[in-house]
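Numbering-wise (numbering that gives the first Met the number 0), the sequence shown opens with residue 0 and increments by one.
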Amino acid sequence: MLSSSPLTAGVTLLIVLLMFGTTFAVGKGRHKYGVQAPAVTGHPVFERLYRVQMNTLEWAVMTLPCLWIAAAYVSDAVASGLGVVWWLGRIAYALAYAADPARRARGFTVGALAFGALGLVAGGGVIRQLIGV
Numbered sequence: 000m001l002s003s004s005p006l007t008a009g010v011t012l013l014i015v016l017l018m019f020g021t022t023f024a025v026g027k028g029r030h031k032y033g034v035q036a037p038a039v040t041g042h043p044v045f046e047r048l049y050r051v052q053m054n055t056l057e058w059a060v061m062t063l064p065c066l067w068i069a070a071a072y073v074s075d076a077v078a079s080g081l082g083v084v085w086w087l088g089r090i091a092y093a094l095a096y097a098a099d100p101a102r103r104a105r106g107f108t109v110g111a112l113a114f115g116a117l118g119l120v121a122g123g124g125v126i127r128q129l130i131g132v
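In structure tokens, the structure reads:
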């Protein structure tokens, strides 16, 4: 069976790749800065990498359902477009935070706004379906 949301599926895979990338960066940081598991504190750069990973996971858990609900009830193109904006924002956030936490706001804001738009689009699509519009 072919999916009616191939663009959203592709964006989902990009998000999974981002989550893998942040996980890999934490593992590499553990080795580079000598932070032995299960510790999550130690070197400041490691701690930033870890926060990037955790924050990305926290937001992905909320974003992915909204992404797929928007695809199912509104459109694959709209959902995937907003998903790509979220993904790009998260990449910008991750790179900026790892380099200098004071520069993380722009990427965070882009991702948060894309998430908000996905939530509104998804919610609006579900409501339209429920009321039969």
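Glycine residues also receive a C-beta, built at the ideal position from the N, C-alpha and C atoms.
Scanning its chain for C-beta atoms nearer than 8 angstroms, with the 5 sequence neighbours on each side dropped, one finds around VAL39 the residues GLU46 and TYR49, in chain order.
Restricting attention to VAL44, VAL77 and TRP85, the CA atom closest to the CA of MET18 is found in TRP85. One Cα belongs to THR22, the other to ALA71, and the distance between them is close to 29 angstroms. Each residue's CA atom was taken as its position, placing THR11 and GLY20 some 14 angstroms apart. Every candidate beta strand (DSSP E) stretch fails here, since none sits fully inside the segment 44-96 while reaching 3 residues.
Between the segment 108-125 and the segment 59-69 there are three or more C-beta pairs closer than 8 angstroms, enough to call the two in contact.
Per DSSP, the continuous alpha helix (DSSP H) segment holding THR7 begins and ends at 5-32.
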